[in-house]
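Visitor:
There are 2 protein chains.
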Amino acid sequence: MAAKSEQTRQLVADVALKMFREIGFEKTTMRAIAQEAGVSVGNAYYYFASKDELVQELYIQVQDEHAVVAAQALEGIQDLAGRLKAVLHTGVDVMSPYHQFGSDFIATAIRPSSPVNPFGEASTAAREASLAIFRSAVEGSSPAVAKKLRGDLPELLWLAYMGVALFWVYDRSEGQRRTRKLIDGAAPLVARGLSLAKIPGVSKVFDDVLGLVRSVKEDS
Amino acid sequence: MAAKSEQTRQLVADVALKMFREIGFEKTTMRAIAQEAGVSVGNAYYYFASKDELVQELYIQVQDEHAVVAAQALEGIQDLAGRLKAVLHTGVDVMSPYHQFGSDFIATAIRPSSPVNPFGEASTAAREASLAIFRSAVEGSSPAVAKKLRGDLPELLWLAYMGVALFWVYDRSEGQRRTRKLIDGAAPLVARGLSLAKIPGVSKVFDDVLGLVRSVKEDS
DNA sequence: ACTCATTCTTGAACACGTTCAAAAATGAGC
DNA sequence: GCTCATTTTTGAACGTGTTCAAGAATGAGT
């Protein structure tokens with residue numbers, strides 16, 4: 422049965438994630454994971470090509486949870502500021518058990534070669550899932566976001582979310598209070614800033630920003 | 422004489438930086454550096470407590486060069502957009518010999534524990550030097566930047582510069598063409614965006630952005 | 001010239017992530 | 001039940017960054 426193999430894989434992943442949470446990334450050695458799971462080091466490597474891939478496992482799990490919790494939090498909230506807050510706060514919520522481990526995660530994630538790199542191919546699925554959350558936040562909001570912004574906004578917000586995550590990693594205040602404050606302050610500001618798009622002089626600047634974003638994205 | 426000791430230190434640093442440039446970060450092992458420099462591994466560690474500290478040496482050197490080259494490039498340029506371009510382009514210029522090594526550098530730099538972390542204590546001097554460049558870019562520009570923005574703008578631009586550096590690391594286009602394009606496009610947009618501060622409706626949003634930045638910075 | 005504390009240098013040793021040849025377990029086909 | 005290719009498991013071994021006890025070189029004070 423394929424179940425036995427899958428069971429071992431799950432066991433290793435579970436032990437690893439538990440140890441990441443409880444004793445941190447660096448202290449969780451591959452040898453310790455193997456020992457705790459009752460398998461050999463080589464066996465852990467049979468299922469996960471590197472320690473990074475175990476981090477990817479965590480990343481996927483956290484993203485999945487974010488999707489669920491965010492969807493729930495979005496229910497009944499209409500205004501963009503509120504919807505943004507909901508998505509960002511739940512994002513921080515699901516990450517919080519791993520805060521002490523955050524900087525190692527980011528250091529891992531940021532190398533282009535890493536499977537966890539949020540811009541990379543190996544995490545396309547997780548990124549799409551995360552993007553979908555922001556798309557839903559934007560599309561479901563009323564009053565509606567200006568049509569010309571609607572297409573690119575989710576991606577830009579996702580990018581901003583990466584920034585918030587980075588801020589959170591560095592946030593040493595208790596319970597990451599400062600990150601919460603940043604979210605509460607920034608979300609309404611973004612919403613208000615976007616509403617300025619109606620002003621003619623501002624509108625042109627917005628157009629150029631979007632043009633730049635698109636042109637840089639496509640390379641060319 | 423203290424010169425002998427300093428000589429060994431310089432030798433190790435020079436060999437290390439040369440190897441970083443020529444064969445990359447990971448292939449440049451401490452053993453290889455020691456051998457190439459004709460000293461023992463332990464001796465290299467006498468002068469640099471970790472491989473990261475050798476990266477810090479590189480960071481400082483690159484920043485110093487940026488300060489010189491940027492100051493030169495700013496001469497004779499009046500408008501903010503042009504001054505921003507000058508600072509950013511020279512920034513990319515001085516980094517370019519290390520592009521292949523960039524992702525390892527960022528991965529190192531991003532951990533709060535690293536001496537190279539741009540937000541950390543160990544690189545206060547380098548950060549101040551870099552901030553000074555942006556301060557000079559802002560203060561020397563004419564037409565002048567709105568008074569209320571002048572104080573915080575350099576720091577925000579420096580932050581944006583960190584973003585550009587991140588973009589550059591990921592930029593796989595030849596000669597990092599896309600980064601150049603981003604700079605050329607974004608600099609005038611920033612300048613134009615700032616000029617919108619005169620519009621009453623926009624002004625209030627700007628005030629709130631500044632207020633948020635300040636309040637998050639101070640913790641509280 | 002001779003101390004002797006200080007500075008500098010050495011290389012073996014440690015724990016880590018990772019690899020790999022070999023062995024063990026599994027299961028489909030007969 | 002036997003065969004044998006495939007999947008799974010093992011643990012020793014490699015190269016890495018880093019540490020450290022020990023020794024060598026240095027130089028100020030006499």
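Protein chains in written order, with our numbering: chain A, 422 to 641; chain B, 422 to 641.
The beta-carbon is built from N, C-alpha and C at its ideal position, and this holds for glycine as well.
Using a threshold of 8 angstroms, state whether the C-beta atoms of Thr429 (chain B) and Tyr466 (chain B) are closer than that.
Guide: Not in contact: Thr429 (chain B) and Tyr466 (chain B) (Cβ atoms no closer than 8 angstroms).
Visitor: Excluding sequence positions up to five away, which residues of its chain have a Cβ less than 8 angstroms from the Cβ of Pro621 (chain A)?
Guide: Hits under 8 angstroms: none found.
Visitor: With a threshold of 8 angstroms between beta-carbons, can Pro564 (chain A) be considered close to chain B, or not?
Guide: With 8 angstroms as the cut-off, Pro564 (chain A) does not count as an interface residue toward chain B.
Visitor: Name the chain B residues whose beta carbon is nearer than 8 angstroms to that of Phe540 (chain A)?
Guide: Tyr591, listed in chain order.
Visitor: Out of curiosity, what's the CA-to-CA distance linking Ala528 (chain A) and Gln597 (chain A)?
Guide: Cα-Cα distance, rounded: 19 angstroms.
Visitor: Are any of the Cβ atoms in chain B nearer than 8 angstroms to that of Arg635 (chain A)?
Guide: By this cut-off, Arg635 (chain A) is not an interface position.
Visitor: So, does the CB of Ser471 (chain A) fall closer than 8 angstroms to a CB anywhere in chain B?
Guide: No, its Cβ sits nowhere closer than 8 angstroms to a Cβ of chain B.
Visitor: Does the beta-carbon distance from Asp629 (chain B) to Leu505 (chain A) come in below 8 angstroms?
Guide: It is not a contact, given that the beta carbons lie outside the stated cut-off.
Visitor: Does any C-beta atom of chain B lie closer than 8 angstroms to the C-beta of Lys448 (chain A)?
Guide: False, the Cβ-Cβ gap to chain B never drops below 8 angstroms.
Visitor: Taking 7 angstroms as the limit between beta carbons, can you name the residues of its chain near Asp525 (chain B), skipping five residues before and five after?
Guide: Counting only Cβ-Cβ distances below 7 angstroms, and skipping sequence neighbours, we find Phe446 and Glu447.
Visitor: Quick check: what's the CA-CA separation for Asp435 (chain A) versus Leu479 (chain A)?
Guide: Cα-Cα distance, rounded: 9 angstroms.
Visitor: Cβ closer than 9 angstroms: which chain B residues qualify as neighbours of Asp500 (chain A)?
Guide: Under the 9 angstroms cutoff, chain B gives no residues; its nearest Cβ is about 16 angstroms from Asp500 (chain A).
Visitor: Go ahead and pull the three-state DSSP assignment for Met422 (chain B).
Guide: Unreliable positioning characterises Met422 (chain B) in this predicted model, as indicated by a pLDDT of 47, which lies under 50. The coordinate reading is nonetheless provided below. Note: Met422 (chain B) maps to coil in three-state DSSP.
Visitor: Run through DSSP, which three-state label would Val566 (chain B) get?
Guide: It is coil, neither helix nor strand.
Visitor: Measuring only between beta-carbons, confirm whether Val490 (chain A) sits less than 8 angstroms from chain B.
Guide: Chain B contact via Cβ: absent.
Visitor: Could you name the residues of the stretch 498-528 of chain A whose beta carbon sits closer than 8 angstroms to any beta carbon of chain B, in the order they occur along the chain?
Guide: Under the 8 angstroms Cβ criterion, the stretch 498-528 of chain A contributes Ser524, Asp525, Ile527 and Ala528.
Visitor: What residues in its chain sit with their C-beta under 7 angstroms from that of Asp473 (chain A), if we drop five residues either side in the sequence?
Guide: Excluding sequence neighbours, Asp473 (chain A) sits near Thr529, Ser535, Pro536 and Val537.
Visitor: Using Cβ-Cβ distances below 7 angstroms, what residues of the stretch 592-604 of chain A are close to chain B?
Guide: Against chain B - using a Cβ distance shorter than 7 angstroms - the residues of the stretch 592-604 of chain A are Ser594, Arg599, Lys602 and Leu603.
Visitor: Taking Asp435 (chain A) as the query, report the chain B residues whose CB atoms sit under 7 angstroms from its CB, ordered along the chain.
Guide: Within chain B, no residue comes near Asp435 (chain A); the closest Cβ sits about 26 angstroms away, beyond 7 angstroms.
Visitor: When you compare each of A:Ser563, A:Lys625, A:Leu631 and A:Ser517 to Ile498 (chain A) by their alpha carbons, which one comes out closest?
Guide: Here the closest residue by C-alpha is A:Ser563.
Visitor: Only counting the same chain, and skipping five residues up and downstream in sequence, which positions put a Cβ closer than 6 angstroms to that of Met422 (chain A)?
Guide: Its pLDDT being 47, under 50, Met422 (chain A) is placed unreliably by the model, and the measurement read from it follows with that caveat. If we look at Met422 (chain A) and ignore the five residues flanking it on each side, it has no Cβ neighbours.
Visitor: CB-CB under 7 angstroms to Val590 (chain A), same chain, minus the five flanking residues each way: which ones, in chain order?
Guide: The residues are Gly523, Ser524 and Ile527.
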